[in-house]
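First the structure, in the form of structure tokens, and then the observations on it.
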Amino acid sequence: MDNYLQKAYCYNQTMRIYAAITTEIVDHYQKAFNMWPTSTSALGRTLTIAAIMSCTYKSGEYLNIKVNGDGPIGRITVEATDGKVRGFVQNPGVYLSYNNGKLNVADAVGAGSIEIIKDLHMRQPFSSSCEIVSGEIAEDFTYYFAKSEQIPSSVGLGVLLNDDSTVKAAGGFLIQVMPGCKEEYIQKLEEKLSTMKSCSQMINEGYSAEDIIKEITDGDYEILETRELSHFCNCSKERFTRGLKSIGKDELLDILEKDKKAEITCNFCNTKYNFSEEDLKKILLDIE
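In my numbering, the protein residues as written are 639 to 926.
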């Protein structure tokens, strides 16, 4: 599996840890949208945490994340279910960096809020939000879990790029503290996280998801599950045909008169769907 997640118990089963490798997923979106480095890093981090979070839900449950920052990237939108993920940024052409060359994701994202909607197959989707505390994504989701879900957590996310802006390594981890966890375990974890290599560096050096778990826990873990992760999109010409029908007869007539054709691009995968004059006339007849 190129992209996958492993779930484990650690520290005497008092913490849950999820580690994910998402290099191919993030690289797919970089190429699909020809994204610049900082946009790639911001979207890649969000895709990774969404993929991880979707694996904490039951089968078929759906997650929608919107990172609503006021930085030049604009909104980041990501959806995930059962380890399958898709997403996009409003502005894929952002490249901000610090003097040391490290990508400046924080300023690219800016200040604002994170909105999360979970469809758990109940009467109404569950919605929650929190402010963006740093714009680095990992710190923001660490804060989200503590504030909105009351789960003490630690999130690590990373994307490492090649010189041509394609993705060299991407992945992350989510650690959740369970009730009854001893303070000594928490302190041990904090010390480890403060000194170990970044996720993207470890993945670039060939670490597997289990290697990352082993590094974090000093070998005190038990693997519970391995799951494949992937990118997806459920767009189709039929879906966009229904969308054209929904805009109404007058709008369609206007398109036919002015352009005699239509091209619609999927926000999530950048696939273009072309509708000829004959296609539009047929849609118009279906409306009538």
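Note that beta-carbon positions come from the ideal geometry of N, C-alpha and C, so glycine has one too. In this text, all values refer to a predicted model and were calculated from it rather than measured experimentally.
Quick check on the burial criterion: 16 or more other C-beta atoms within 10 angstroms. Buried or exposed for N641? As a working note, residue 641 is residue 3 in the sequence shown. Buried.
Classify R865 as helix, strand or coil using the three-state DSSP reduction. Along the sequence shown, read from residue 1 onward, the residue named residue 865 stands at position 227. In the structure shown, R865 sits in a strand (DSSP, three-state: E or B).
Bridge partner(s) assigned by DSSP for Q825: Counted from its first residue, the sequence shown places residue 825 at position 187. Looking at the DSSP assignment, Q825 forms no beta bridge with any residue, so it has no partner.
Considering only the beta carbon of each residue, do R683 and L812 sit closer than 7 Å? Position 45 of the sequence shown holds residue 683. Position 174 of the sequence shown holds residue 812. No. Outside cutoff.
Y695 in three-state terms, based on DSSP: Stepping through the sequence shown from its first residue, residue 695 is reached at position 57. Residue state, collapsed to three classes: coil.
Would R865 and L643 be called neighbours here (beta carbons separated by less than 7 Å)? On the sequence shown, position 227 is the one that residue 865 refers to. On the sequence shown, position 5 is the one that residue 643 refers to. Yes, the pair counts as a contact, with Cβ atoms nearer than the cut-off.
Output needed for T879: all residues of its chain with C-beta closer than 7 Å, excluding positions within five of it in sequence on either side, in chain order. For the purposes of this step, residue 879 is taken as residue 241 along the sequence shown, with counting starting at 1. So the list reads I921, once near-sequence residues are dropped.
Should P763 be labelled buried (16 or more other beta-carbon atoms within 10 Å of its own) or exposed? Position 125 of the sequence shown holds residue 763. Looking at its Cβ environment, which holds fewer than 16 other Cβ atoms inside 10 Å, P763 is exposed.
Please tell me whether A658 and I703 are closer than 7 Å, where the distance is taken between their beta carbons. In the sequence shown, the residue the question calls residue 658 occupies position 20. In the sequence shown, the residue the question calls residue 703 occupies position 65. Cβ distance not < 7 Å, so A658 and I703 don't count as in contact.
Going along the chain, which unbroken runs of the alpha helix (DSSP H) with 4 or more residues stay wholly within the region 702–751? 743–747
Whole-angstrom distance between S792 and E828, CA atom to CA atom: One-based indexing of the sequence shown puts residue 828 at position 190. One-based indexing of the sequence shown puts residue 792 at position 154. Spanning the two alpha carbons is a distance of roughly 9 Å.
Cutoff 8 Å; reference A670; Cβ partners in own chain excluding five residues on either side: In the sequence shown, residue 670 corresponds to position 32, counting from 1. Closer than 8 Å at Cβ, skipping near neighbours: C907 and N908.
Using DSSP with H/G/I as helix, E/B as strand and the rest coil, what is E843? Residue 843 sits at position 205 when you count from the first residue of the sequence shown. Here E843 sits in coil by DSSP.
Assuming contact is defined by CB atoms lying nearer than 7 Å, are I729 and S735 in contact in what I supplied? Reading the sequence shown from its first residue, position 91 is the one you call residue 729. Reading the sequence shown from its first residue, position 97 is the one you call residue 735. Here the sequence assigns Asn to residue 729, which means Ile is not the residue at that position. Taking 7 Å as the Cβ cut-off, N729 and S735 do not qualify as a contacting pair.
Is G682 helix, strand or coil when you go by DSSP? Here residue 682 refers to the residue found at position 44 when the sequence shown is read from its first residue. Here G682 sits in helix by DSSP.
Proximity of T652 and Y823 at Cβ, strictly below 7 Å: Position 14 of the sequence shown, counting from 1, holds the residue named residue 652. Position 185 of the sequence shown, counting from 1, holds the residue named residue 823. Contact flag set, yes.
Give me the residue from A847, I841 and T780 with the minimum Cα distance to I861. Mapped onto the sequence shown, residue 861 falls at position 223. Nearest option by C-alpha distance: A847.
Going by C-alpha to C-alpha distance, which of E876, I663, M673 and L890 sits closest to D802? Sequence index remark: in the sequence shown, residue 802 carries index 164 (1-based). Ranking the options by Cα distance to D802, first place goes to M673.
Terminal residues of the continuous beta strand (DSSP E) containing K910? Reading the sequence shown from its first residue, position 272 is the one you call residue 910. Residues K910 to F913.
If you run the structure through DSSP and keep just helix, strand and coil, what is C592? This structure leaves residue 592 out entirely; the chain is present only between 639 and 926.
Residues of its chain near G712, where Cβ-Cβ distance is below 7 Å and the 5 sequence neighbours each way are ignored: Here residue 712 is taken as the residue at index 74 of the sequence shown, counted from 1. Around G712: V727, Q728 and N729.
Residue range of the alpha helix (DSSP H) that S786 falls in? The sequence position of residue 786 within the sequence shown is 148, counting from 1. Element bounds for S786: A776 to S786.
Check each candidate in C873, Q814 and S772 and name the one with the smallest Cα separation from G709. In the sequence shown, counting from the first residue as 1, residue 709 sits at position 71. Per the Cα distances, S772.
Within 10 Å of its beta-carbon, does H759 have 16 or more other beta-carbons around it, so buried, or fewer, so exposed? Locating residue 759 in the sequence shown gives position 121, counting from the first residue. Burial call: exposed.
Those residues which DSSP pairs with C768 across a bridge: Looking up residue 768 in the sequence shown gives position 130. Per DSSP, I752.
Short check: CB of S692 to CB of T715, under 7 Å? As a position in the sequence shown, residue 692 is number 54, starting the count at 1. As a position in the sequence shown, residue 715 is number 77, starting the count at 1. The answer is no: Cβ separation not under 7 Å.
Neighbourhood of T757 by C-beta, 7 Å cutoff - its chain only, sequence neighbours within 5 removed: In the sequence shown, the residue the question calls residue 757 occupies position 119. As written in the sequence, residue 757 is Asp, which differs from the Thr given in the question. Once the five neighbours on either side are set aside, the close Cβ partners of D757 are E699, Y700 and P763.
Using the C-alpha atoms, what's the distance from F783 back to Y845? Within the sequence shown, residue 845 is the residue found at index 207, counting from 1. Within the sequence shown, residue 783 is the residue found at index 145, counting from 1. Those two C-alpha atoms are separated by around 26 Å.
Element boundaries [alpha helix (DSSP H), containing T879]: As a working note, residue 879 is residue 241 in the sequence shown. Per DSSP, T879 belongs to the alpha helix (DSSP H) from K875 to S884.
Kindly indicate which residue of Y859, R724, S786 and E777 has the alpha-carbon position closest to the one of E753. Within the sequence shown, the letter at position 115 stands for residue 753. For E753, the nearest C-alpha among the options comes from S786.
Contact belief for I854 with I655 at Cβ below 8 Å, rounded distance in angstroms: Looking up residue 854 in the sequence shown gives position 216. Looking up residue 655 in the sequence shown gives position 17. With 8 Å as the limit, I854 and I655 qualify as a contact, their Cβ atoms being about 7 Å apart.
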